[in-house]
Every structure is written in structure tokens, then in C-alpha cells.
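> Residue numbers (my numbering), protein chains in the order written: chain A, 116 to 398; chain B, 3 to 355.
The structure's right below; bear with me while I get my questions together.
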Amino acid sequence: MATATSSWDGDGMSLEYTVTKGGKRTLGAIFWAVILFFYSPLIVLFILSLNTGYVPRLPLEGLGLQWYSAALNNETLWSAVGVSLRIATVSAIIATVFALLAAFAIVRGKGAIRIIAAIAAISPLVMPAIVIGVSQLLFFVWIGLPRSPVAVMIGHATFSLPYATLILLPAISQLNPRCDEAAKDLGARAFVRSYTATLPPALPAIVSAFLIAFTLSFDEVAIAGFLIGSDNTFPTYLLAQMRLPQRLPEAMAMSVMAAAFSLILFNVVDRIQQKGGAASHGR
Amino acid sequence: MAVELKSISKSFGAVTIIDDLSLKVERGEFLAFLGPSGCGKSTTLRMIAGLENPDSGQITIDGDDITSVPANKRPINMVFQSYALFPHMTVWDNIAYGLRRDGLTGDVLAARVEEGVRLVRLEQLADRKPSALSGGQQQRVALARSLVKKPKALLLDEPLGALDPILRHHMQRELKALQGQTDTTFIYVAHHQDEAFGLADRVCVMAGGNVVQLDTPEIVYRQPKDSFVASFIGQINRLPPIEGSVLDLGEGGCVRVVKPSLNGKTGYGVRPEAVRLGKPDDAEKSSWLVGKVSDIIFRGPSFEVEVETEKAGRHMVVGLQCDLNPPSKDDDVVVHWPNEQTMQFQELDDDQA
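Shown next as C-alpha cells:
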């Protein structure tokens, strides 16, 4: 993904190596084989979603977009998507804010603070989502927080915090601490400094961190399954539909639309970042 | 009195950086700090800016105590060594930053910013981001950004350190001109003595967290207070200890001191450019030493002739104008200099250069 490197304003590393012609061909073949392996399920899904029959198999009974229109008209599904979008947005905001604080503590903190911040923000990474789900369910029951979208928001914020932190760390460590001092010297209070001088250069990374947290939450099913309660998120709804064969084609159509949405979203973000992302302040 | 420091001390952990430092900077003066790394010159500057707090002592500006005033409320601005420009803003917005913090908007803001842009002659580049500027141009933006605030004192922390020598030379002139135009007090941490000498009205030589000597560049160079200043500033040929006012080495030479003697242990020396090759015309008015040429180094404008003076037990460096023919290695030579060029200064025991 070009997104990550370009947003850190890469230091233009160039690797020089020699490969023979045959070697190049082999490497190329391996590359395309891997790409095919990764993307063929998606292609198969796309083809089968165009089937007019109920049973997903080849040859297709006929080509048509009927499942797409069925999916688009399915209100239960749309309400699940709505729940997922709300959870993804709120949990991504929480994760990004805490990831920013953690990244600053890790980069600029001294002594124990750095270590504590690093452990607190990054350790959920090694925790299986299912363990986070179970333990948070028990904890929330204990403190009296019912299973709900709010519970999932908190669960997902915890889950995506380490990813957001790892994306922000290099960007924050590249910020010039003297810029903060310069802003102070020029008369800016601490809060004003943070949004006028200190953070804007890291904006591309902040947007990346938010989007990663957003996508992680959007398709997360294990934690959501434990914490959502009577509502449904998009992934828990999809999973439930798998039990009913006649609903499967609709679910496939919806999945294809979700994948297309993600692709478009990431392309847009990539464009923004390549243009230099950071908002230029007008006069 | 623009800026005054009274009995300032500062430690980082167990390390004392500044030890009971007092200093007065006159209004409109160009003062340069000079000293080895770790002598506390940058820390002193940062304390004046308010980016570090002294452990004890007082800092005043125009008589007002600002010791506990935070940096963002001090009428003092700073130019950082790394420039510290805001990378996401244009030149114009960088220069406007401090003025906006003062609440300026619209035409008033624009007029002040344009004034700053013109001051450093960046009219053509006002819409560029710092990354599209050369080092010298970035430096000018940093200067303008601070100067538009019309500070009572401008602090400069090795501002030319990151520039190449030609550009540095050019920027030195610009700095001097800017100081004249704006009539601002400049307090400058110098990267090199050439910078300090070329720019400053007074040079403040620091060592071990305190001021060693604060004088005009000429006095610091010609009348160093002690052996540290003598060897830190410029090149010096140390001479053997002299009892009374004459050191007679017979065939080996004769060194005379014509200045009144100092109290305490005294060191002696002479600058390479004061020393000439050959026998003195007037033996009474000159000091001389016999020696052998050990090396000749071409320095462009001059040759450096290194002479071992056997009797005096010293290694002397003689600056020789390039239009003169240098001697050859191993030639026996006589070096001499006018008696009044023999410098004397307080000898520090731990510094035998």
C-alpha cells in the first residue's frame, strides 16, 4: 500500500540490486501468483453475486443484478450497516485521539512514562480479538454496562488503538520539537500550539490512523458478536445470514458493495495524501 | 539596559550548567556568546527566551522582572538553529503566525507581514512552503517571523550553523544590516569566532557555566583575560614563563615584556600573525627566538610556517603573507615580533596549551 510510505514523507530510499532477466521473470510470476491468490476469492464472490439463482455455483443460472437490488432494499441490512458506520466512526475517533496521546508520550515522554504508554497502547495487538471480546463482556456486565453499540464502540476503540498508535508513531517522531517551542516563543498558548503548529504536519498520518481504525471496526466480528446484544452490526448480520441459504446471495451482493466502497475510500485518501494532504492555511 | 541576568543558576539533574551568571546587555547592542560546547551558552539563551527556567536568579528586560513570565508572553523572540519553520504553512503564514497570536487580522496583519517579507527580501517567495526554499531563504523567513513581532531583544541560536561557508558569510552581512535597520538588541550564540567577531559589538566568552570575559572583539582577541580565552579565541603561540620583564636565552633569543605585570600566575603568548621571519631590525624593540622550520602549510591567503625553537622549547606558528617566499623545511630561522605584541594573561593551572 503506497499510502503508508507516502504519508510519512518518505526519505526517498532507493535500493539498487541486480536481477537477471530470468530472475526478473520468475519474480514477476511469483508476484502475480500471490496477487491472484489474494484476489481470486473476491473475484469469485463478484461473479457469483451476479448469479440469478439461489445456489452459488458454476455455471451461473443467469446474469443479473437482482440480489443487489434486493440487498439495497433490505432495511434490516441497512440498519445493521448504519450501526456499523456509527460504531466505526466513534471508535475510530476515540482510538485516534488516544493513539495521538500515546504516540506523544512514547516519543517525547521521559523514563517510565514512555514504557507505560507503549505497553498500554500497543499490547492489545497481541491479544486475540476473541479474548478482548470475552473479557470486556465480563467487565461490562460487572460495571453494569449493557450489551449495546456503545459497548462495541469501546471494545473496538481498544482493539484498534495499537494499530492507530503504530501508524502515528513514525509521523510524531518526525515532528520537529523546536516547532512547538517556536510557536510558544511567538506567543501561542499550549492548546493553540497543538492545532496550529504541532499537529498539522502530522495530519496525513492522523487521517490514515483514523481510516485504519474505522475499517478495522467496520469488519470486526468477534468483539462485536460478544458485545452488540440485540442489535446487529454489518458483520454480525452477514454471519447470521449465512445460516439461511436463501439469504446468502443478498449477503454476497452486499459484501461486493462493501469491498468496492473500501477500495474507493482508500483511493480517495491516497490521492489526498499525495497532494500533500496537510491543509494549507489561507490568508 | 535591555536585558539583565542577575545571579542565574541552572542545573539539569546533578549537572550544573549555569553557575551564578550575571550579565548586562545594552539596548540596541549586538552581543555574541562564544564558548566550547557545553559551556552553557545555548542554555543561557533559552532561559532569556523562557524555554528553560533558571533554578535561581532573576532575568529583567527594561527593568521589568520576567523571570516567571512564560515564553509566549515575553517581548523577546528567538531564531532557532534548525529554523523551526512550520512546514505546513507558506512563507507568508509563517511570518504571520506570531502576529496572529497577538490578535492582528485583516489589513493590519497584512501590512505587518508584507513589511517583514520586504525586510528579508522574500517578496517573490511569499507563497512557497519552507520545503521549497534554500537554507538561506529559510533562515530569512525565520528572521522575519521573529522580527515582525518587534521584540525588545532577538535571540539567535547558532543561526548560521547549518549554512555553507559562502552563504554564511553572506548572511552575516544581512544580519548586521537587519540589526541596523530594526535597531533591535541581538543576542547571538556564535558557531565560530569569525561570526562573533564580524557581527558583535561585544563578545561574551563563556566556560563552565559562567562568563569568562565580556569585551569588544578587539580586546578579547588582543588582551585575553586568561589562558583559556587566549587559546580558545584564535591561534596563539604560548611562550615560556618570564621572570621579571626579560627572558634572555642568550644565543637562543630574547623575549621582552613591555606591559605592566599582572598579579598572580601569568602566561605569555604571541599571535602567529604578529610574528615575522628573519632577524629583527631593532633588537631593543623586538623579541626574537632561534629555531628550525618543522613544517609549512599553505592556507590560501597565507602560509603557516611551523618553527621549533629549541632553546625556548616551544612550537611556534608564524603566519606568512602569501606573496613572500616561504622557507624550506629544516631551514634554521630567526623569528621576531614587536615587544608590545607579547600578550600576558592570567595562567590557569589546568590549561597548559
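Positions of the beta carbon are idealized from the N, C-alpha and C atoms, including for glycine.
Is B/N74 close to chain A? Criterion is C-beta to C-beta, closer than 8 Å.
Translated into positions along the second sequence, residue 74 of chain B becomes position 72. So yes, B/N74 belongs to the interface.
> Between the beta-carbon of B/R204 and the beta-carbon of B/G236, is there less than 8 Å?
In the second sequence, residue 204 of chain B corresponds to position 202, counting from 1. In the second sequence, residue 236 of chain B corresponds to position 234, counting from 1. No, they are not a contact pair.
> In chain order, which continuous runs of the alpha helix (DSSP H) of length 4 or greater are located wholly inside the region 224-291 of chain B?
Annotation note: the region 224-291 of chain B contains the following uninterrupted alpha helix (DSSP H) runs of length 4 or greater, listed N- to C-terminal: 229-234.
> For chain B, check one thing: does any of its Cβ atoms lie closer than 8 Å to the Cβ of A/K225?
Your numbering for residue 225 of chain A matches position 110 in the first sequence. Not closer than 8 Å to any Cβ of chain B, the Cβ of A/K225 fails to qualify, so no.
> For a contact defined as C-beta to C-beta under 7 Å, what are the partners of B/D104 on chain A?
Taking the second sequence and counting its residues from 1, the one referred to as residue 104 of chain B is at position 102. The answer, in chain order, is G302.
> How many Å lie between A/L301 and B/A113 at the Cα?
The residue given as residue 301 of chain A occupies position 186 in the first sequence. The residue given as residue 113 of chain B occupies position 111 in the second sequence. In this structure, the straight-line span from the alpha carbon of A/L301 to that of B/A113 is close to 18 Å.
> So for A/K299, helix, strand or coil by DSSP?
Here residue 299 of chain A is taken as the residue at index 184 of the first sequence, counted from 1. Three-state result, A/K299: helix.
> With 8 Å set as the bound, which would you pick, yes or no: does the beta-carbon of B/A4 sit closer than that to a beta-carbon of chain A?
For the purposes of this step, residue 4 of chain B is identified with residue 2 of the second sequence, where counting begins at 1. Closer than 8 Å: no.
> CB-CB under 8 Å to B/Q348, same chain, minus the five flanking residues each way: which ones, in chain order?
For this step, residue 348 of chain B is matched to residue 346 along the second sequence. Excluding sequence neighbours, B/Q348 sits near K227, D228, S229, L264, G266, K267, T268 and G269.
> If B/L249 and B/V335 are in contact, beta carbons under 8 Å, what's the gap, nearest whole angstrom?
Position 247 of the second sequence, counting from 1, holds the residue named residue 249 of chain B. Position 333 of the second sequence, counting from 1, holds the residue named residue 335 of chain B. Rounded, the Cβ-Cβ distance is 19 Å, inconsistent with contact.
> Which residues of chain B have a Cβ atom closer than 7 Å to the Cβ of A/R229, listed in chain order?
One-based indexing of the first sequence puts residue 229 of chain A at position 114. Per Cβ cutoff of 7 Å: no residues; A/R229 is ~17 Å from chain B at best.
> Within a Cβ cutoff of 6 Å, which residues of the same chain sit near B/K356, ignoring the five residues on either side of it in sequence?
The requested residue 356 of chain B does not occur in the structure, where chain B is confined to residues 3 to 355.
> Could you confirm whether any beta carbon from chain A is found closer than 8 Å to the beta carbon of B/A51?
If you number the second sequence from 1, residue 51 of chain B lands on position 49. By this cut-off, B/A51 is an interface position.
> Verify the CB distance criterion: does A/K136 have a CB-CB separation below 8 Å to chain B?
In the first sequence, counting from the first residue as 1, residue 136 of chain A sits at position 21. Output row for A/K136: interface = no.
> Taking A/P360 and A/N166 to be in contact with their CB atoms under 8 Å, please state how far apart those CB atoms are, rounded to whole angstroms.
As a working note, residue 360 of chain A is residue 245 in the first sequence. As a working note, residue 166 of chain A is residue 51 in the first sequence. Their Cβ separation, rounded to whole angstroms, is 13 Å, which puts A/P360 and A/N166 out of contact at 8 Å.
> Which chain D residues are close to A/E296, counting only those with a beta carbon under 9 Å from its beta carbon?
Reference to chain D is not applicable here, since the protein chains of this structure are A and B.
> Reducing DSSP to helix, strand and coil, say where B/P340 ends up.
If you number the second sequence from 1, residue 340 of chain B lands on position 338. Strand at B/P340.
> Using a C-beta to C-beta distance shorter than 7 Å, which residues of chain A count as neighbours of B/G118?
Along the second sequence, one-based indexing puts residue 118 of chain B at 116. The contacting residues do not exist; B/G118 stays about 12 Å from chain A at best.
> Span of the alpha helix (DSSP H) holding B/I68?
Here the question's residue 68 of chain B lines up with position 66 in the second sequence. Note, B/I68: premise wrong, no alpha helix (DSSP H); not H, not E.
> Rounding to the nearest angstrom, what Cα-Cα distance links B/V257 and B/M345 in this structure?
Your numbering for residue 257 of chain B matches position 255 in the second sequence. Your numbering for residue 345 of chain B matches position 343 in the second sequence. Whole-angstrom Cα-Cα distance: 11 Å.
> Taking the runs of the beta strand (DSSP E) that are 3 residues or longer, which of them lie wholly in the region 176-212 of chain B?
187-191 and 204-209
> Do B/M91 and B/Q141 have their C-beta atoms closer together than 8 Å?
The residue labelled residue 91 of chain B in the question sits at position 89 within the second sequence. The residue labelled residue 141 of chain B in the question sits at position 139 within the second sequence. Result no, Cβ atoms of B/M91 and B/Q141 do not sit closer than 8 Å.
> Between B/R316 and B/L241, which are expected to be in contact by the criterion C-beta below 8 Å, what is the C-beta distance as a whole number of angstroms?
Along the second sequence, one-based indexing puts residue 316 of chain B at 314. Along the second sequence, one-based indexing puts residue 241 of chain B at 239. About 7 Å separates the beta carbons of B/R316 and B/L241, which is inside the 8 Å limit, making them a contact pair.
> Exposed or buried, what is A/I158 when buried is set at 16 or more other beta-carbons lying within 10 Å of its beta-carbon?
For this step, residue 158 of chain A is matched to residue 43 along the first sequence. So A/I158 ends up on the exposed side.
> Assess, as a yes-or-no matter, whether the region 207-215 of chain B is touched by the region 19-37 of chain B under the definition of 3 or more beta carbon pairs within less than 8 Å.
yes
> Any beta carbon of chain A sitting closer than 8 Å to that of B/R316?
Walking along the second sequence from the start, residue 316 of chain B turns up at place 314. Not closer than 8 Å to any Cβ of chain A, the Cβ of B/R316 fails to qualify, so no.
> Would the region 305-317 of chain A count as touching the region 161-181 of chain B if we require 3 or more Cβ pairs under 8 Å?
no
> Identify the contact partners of A/N291 in chain B, using a Cβ-Cβ distance below 7 Å as the criterion.
Position 176 of the first sequence, counting from 1, holds the residue named residue 291 of chain A. Neighbours of A/N291 on chain B, chain order: S84 and A86.
> Would A/H271 and A/S323 be called neighbours here (beta carbons separated by less than 8 Å)?
The residue labelled residue 271 of chain A in the question sits at position 156 within the first sequence. The residue labelled residue 323 of chain A in the question sits at position 208 within the first sequence. No.
> Please name the residues in the region 146-157 of chain B whose beta-carbon is closer than 9 Å to at least one beta-carbon of chain A, in chain order.
Answer set for the region 146-157 of chain B: R147, S148, K151 and L157.
> So, is B/W1 buried or exposed, given that buried needs 16 or more other C-beta atoms within 10 angstroms?
Nothing can be reported for residue 1 of chain B, as the shown portion of chain B is limited to 3 through 355.
> Measuring straight from C-alpha to C-alpha, what distance separates A/F254 and A/T204?
Position 139 of the first sequence holds residue 254 of chain A. Position 89 of the first sequence holds residue 204 of chain A. Answer to the nearest angstrom: the Cα atoms are 23 Å apart.
> Can you list the residues of chain A that B/G100 reaches, using a CB-CB cut of under 7 Å?
Here residue 100 of chain B refers to the residue found at position 98 of the second sequence. Simply L301 and G302.
> What number of angstroms, rounded off, separates the C-alpha of A/S345 from the C-alpha of A/S263?
In the first sequence, counting from the first residue as 1, residue 345 of chain A sits at position 230. In the first sequence, counting from the first residue as 1, residue 263 of chain A sits at position 148. Their Cα atoms are separated by approximately 8 Å.
> Please identify the residue among B/M318, B/A73, B/R175 and B/V307 whose C-alpha is closest to the C-alpha of B/P329.
In the second sequence, residue 329 of chain B corresponds to position 327, counting from 1. Nearest of B/M318, B/A73, B/R175 and B/V307 to B/P329, Cα basis: B/V307.
> Any beta carbon of chain B sitting closer than 8 Å to that of A/A218?
Counted from its first residue, the first sequence places residue 218 of chain A at position 103. Answer no: the Cβ-Cβ gap between A/A218 and chain B never drops below 8 Å.
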